[in-house]
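Structure first, then comments.
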Amino acid sequence: MSRLKRLKSASTKPEFAKVLGIDAAFLTRCLYIHKPENQYHQFSIPKKSGGERLINAPSEELKSLQKNLSILLLDCIDEINAEKYPDSQWAKPKLRKNGDPDYAAEVLKIKIPNARVKQPSLSHGFVRERSILTNAMTHIGKKNVLNIDLESFFDSFNFGRVRGFFIKNANFNLNPQIATVIAQIACYDNKLPQGSPCSPVITNLISHTLDIRLASLAKKYKCTYTRYADDITFSTRKSEFPPQIMTQNEIDYVPGRMLKSEIRRSGFSINSSKTRIQYKNSRQEVTGLVVNKKPNVKQEYWRLARAKCNQLFKTGKFTAIKDGNEIDGNLNELEGQLNFIDQVDHYNRMRQKTPLSTDYTHAKVGRNTKVILSGREKTFSSFLFYRLFCGNEKPTILCEGKTDNIYLKSAISELSKDYPQLAHRKGDKYELLVRFVEYSKRSRFLLELFGGADYLRGFVDNFEKNMKLYDAITPKHPVIVFLDNDEGPQQVVNLLKSKNFQKKIELFPSTLDKKEDIRTSEFIHVIKNLYVVFTPLAKDGGETDIEYFFDDKTRLMKHPNGKCFNTVKNRDSKSDLSKDAFATHIVKKNKAKIDFNGLKPLLDSVVKVINHYDSLR
1 MSRLKRLKSA STKPEFAKVL GIDAAFLTRC LYIHKPENQY HQFSIPKKSG GERLINAPSE
61 ELKSLQKNLS ILLLDCIDEI NAEKYPDSQW AKPKLRKNGD PDYAAEVLKI KIPNARVKQP
121 SLSHGFVRER SILTNAMTHI GKKNVLNIDL ESFFDSFNFG RVRGFFIKNA NFNLNPQIAT
181 VIAQIACYDN KLPQGSPCSP VITNLISHTL DIRLASLAKK YKCTYTRYAD DITFSTRKSE
241 FPPQIMTQNE IDYVPGRMLK SEIRRSGFSI NSSKTRIQYK NSRQEVTGLV VNKKPNVKQE
301 YWRLARAKCN QLFKTGKFTA IKDGNEIDGN LNELEGQLNF IDQVDHYNRM RQKTPLSTDY
361 THAKVGRNTK VILSGREKTF SSFLFYRLFC GNEKPTILCE GKTDNIYLKS AISELSKDYP
421 QLAHRKGDKY ELLVRFVEYS KRSRFLLELF GGADYLRGFV DNFEKNMKLY DAITPKHPVI
481 VFLDNDEGPQ QVVNLLKSKN FQKKIELFPS TLDKKEDIRT SEFIHVIKNL YVVFTPLAKD
541 GGETDIEYFF DDKTRLMKHP NGKCFNTVKN RDSKSDLSKD AFATHIVKKN KAKIDFNGLK
601 PLLDSVVKVI NHYDSLR
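Okay, structure coming up:
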């Protein structure tokens, strides 16, 4: 049975709790013992337009409950849309352009220019597969763009309105008792609070009637309509807006009678101070993005972020302006700004007929993607490199893949008492004192890092060149490339044996031969703060990987499919449990039961690297 059908059939709190995926006792404790009105923390944040926005943040317990409700309602919306619009689905792999498997399936699924499949798209805020980008795309290249703000938007949704919607709406028609519980979970001080995870999805559900009415009005007068939370946008290719929507006199903007009537009929009012029409010969903005030719960030936003980066790369710090005063810059905030810019750039790349570049073929470029990065992407790439490998706040570890990360993280967690330099545990609080690099499509594109020996060889080879941008900065922590001692990293071994690297590297213990004993060393200091660590060879001198150091009891633990990873001697990689399944379903899920003592030599090498780099600083 679908989640929507289960929700509609629920008539008691225990049944509703089951639909939410929580225990009935947890629901009772949240609503009737701790009570929602006692579980909010109030604070304010400054608005860009001036003034302050009041935020009511729920406690962790209530937030968890509200998240479950939000997910349930989003799932219900997906079911409703799937029934109403059966063709609205992601493009299948067979639709990828020219049959190219590298052409991402992340195509637009909304009714806007360049969309591959169509689906009505009126609301873009806090909706799955929607964003300020999809909202902006709808208004690209229009002669006139009208922005309207709904006044006191969240305050317009009181307890009775929320409860009544879920009882009366044809898509839900919920049992009154269940509708009451939903309103109790969602409302605070008789309204939907800003700060709750479920407020946005409920406002979208209730505002759908407004969207339909305003979209119909827009269509009637050849305009386009979208809404992002309380921001309404109309656009037109005509030289001016029809008077039924908006006119402008010498003093102010005057909403059309029909527009004003539909907004008031839906229970809202217009904030006249934020109403504006933007013309084609000036900068047009929709939800903070410029929309004249393509969705883009404001140039001054990008220039400020770039200036901060330049300062950071030269000095290891940067300044920002807050309330007219110069303060020390925050790396997390700067990364957020760069990430936002990159999301816009990535979105525009995906809209290109050739998604990346005519030069981007593996035959010509391979993993060397930096040759095709735009100026903004190069800046973001340099920032990410700085944060991970030069200005890293913890020792950074790069493994060959995600399974190695799982093994080492699990071992450190369970052996934290023996390795205070790698993790800190006090009561229920646990802090990992090293950082593992997580590989993704973005790390592959921006940093040429995607795990595997080939990418790590390139990382080691280019490390000195990449670090030159930050020459004036002395890193505080080491960067450790952690490799299996088998045939996989042979390219890295060959690189370290090359004439250029033989002049730089230092093996430990120092009595070892630089060329012949690379694989038997405890660790290798390559250059600056870069180190390479191989898993220790077997007692008989044989090859090893990290899995080699798990005892037979762990390797023989059964997966739900009946398979095990098997012992070193008997393992058959074709028929036995895969590395991924062993890491995620055996090691990660059962780490409290596993003996990690066999992995101590690996962690000992990491500690020795940290101590060695500390001695150099």
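Numbering (the UniProt record's numbering), first residue to last: 1 to 617. Positions of the beta carbon are idealized from the N, C-alpha and C atoms, including for glycine. Note that this is a predicted model, so its numbers are computed, not measured.
Exposure of residue i, with buried meaning 16 or more beta-carbon neighbours within 10 Å
i: K8; result: buried
i: M1; result: exposed
i: N611; result: exposed
i: L602; result: buried
i: Y279; result: exposed
i: T315; result: exposed
i: F43; result: exposed
i: H424; result: exposed
Residue i and residue j closer than 9 Å at C-beta
i: K191; j: D155; result: yes
i: D580; j: N566; result: no
i: L65; j: F16; result: no
i: L217; j: F268; result: no
i: D149; j: I277; result: no
i: S235; j: T224; result: yes
i: F389; j: M467; result: yes
i: D551; j: D595; result: yes
i: L450; j: S443; result: With the sequence shown as reference, residue 450 is identified as Phe, and Leu is not the correct amino acid for it. For F450 and S443, yes; Cβs fall inside 9 Å.
i: N147; j: E52; result: no
i: P478; j: P395; result: yes
i: L74; j: V201; result: yes
i: R29; j: K18; result: no
i: P58; j: G195; result: yes
i: G329; j: K308; result: yes
i: I167; j: P176; result: yes
i: S605; j: V533; result: yes
Among the options, nearest to residue i - alpha-carbon criterion
i: G488; options: C399, G541, N597, Y221; result: C399
i: I132; options: D614, K503, P295; result: P295
i: L446; options: K48, N466, K476, L373; result: L373
i: H34; options: R349, P46, L62, A24; result: L62
i: E129; options: K409, N81, P176, R163; result: N81
i: D461; options: N494, N310, V609; result: N494
i: R237; options: K142, K465, D75, D471; result: K142
i: G336; options: E326, D323, R306; result: R306
i: N56; options: K48, K378, L415, Q39; result: Q39
i: H124; options: V162, T226, G160; result: T226
i: Y228; options: D484, L289, A183; result: L289
i: Y386; options: D454, Y470, S207; result: Y470
i: V127; options: S199, G458, S416; result: S199
i: K569; options: H585, G452, L556; result: L556
i: N561; options: I546, T544, T554, F582; result: F582
i: P193; options: S207, R163, N158; result: N158
Opposing strand residues paired with residue i [DSSP bridges]
i: A423; result: L432
i: T233; result: N147, T226
i: R11; result: In the sequence on display, residue 11 carries Ser and not Arg. According to DSSP, which records beta bridges pairwise, S11 is partnered with nothing at all.
i: V587; result: According to DSSP, which records beta bridges pairwise, V587 is partnered with nothing at all.
i: S123; result: R227
i: I45; result: R53
i: M246; result: P255
i: I321; result: E326
i: Q278; result: V145
i: L507; result: I524
i: P58; result: Y40
i: Y188; result: K191
Where the beta strand (DSSP E) through residue i begins and ends
i: F534; result: 530–534
i: I480; result: 479–483
i: F501; result: Per DSSP, F501 belongs to no beta strand (DSSP E); it is in the alpha helix (DSSP H), 499–502.
i: T396; result: 396–398
i: K402; result: Note, K402: premise wrong, no beta strand (DSSP E); alpha helix (DSSP H) at 402–414.
i: F459; result: Taken as a continuous stretch (DSSP letters only), F459 belongs to no beta strand (DSSP E), being part of the alpha helix (DSSP H) at 452–467.
i: E335; result: Per DSSP, E335 belongs to no beta strand (DSSP E); it is in the alpha helix (DSSP H), 331–351.
Run of the alpha helix (DSSP H) containing residue i, from where it starts to where it stops
i: Q311; result: 299–315
i: K378; result: 375–385
i: A136; result: 132–137
i: F523; result: Looking at the DSSP string, F523 is not in any alpha helix (DSSP H); the run it does join, the beta strand (DSSP E), is 523–527.
i: A25; result: 24–28
i: D517; result: From DSSP, D517 is part of no alpha helix (DSSP H); its letter is neither H nor E.
i: V476; result: Residue identity differs from the one stated: residue 476 is Lys in this sequence, not Val. Premise fails: K476 is in no alpha helix (DSSP H) and is neither H nor E.
i: K168; result: 159–168
i: F153; result: Careful: F153 lies outside any alpha helix (DSSP H) and carries neither H nor E.
i: A538; result: Unbroken run through A538: none, as it is neither H nor E.
i: A215; result: 199–220
heavy atom of the ligand NAP below 8 Å from residue i C-beta
i: K514; result: Of ligands this structure carries none, so the ligand NAP is not represented either.
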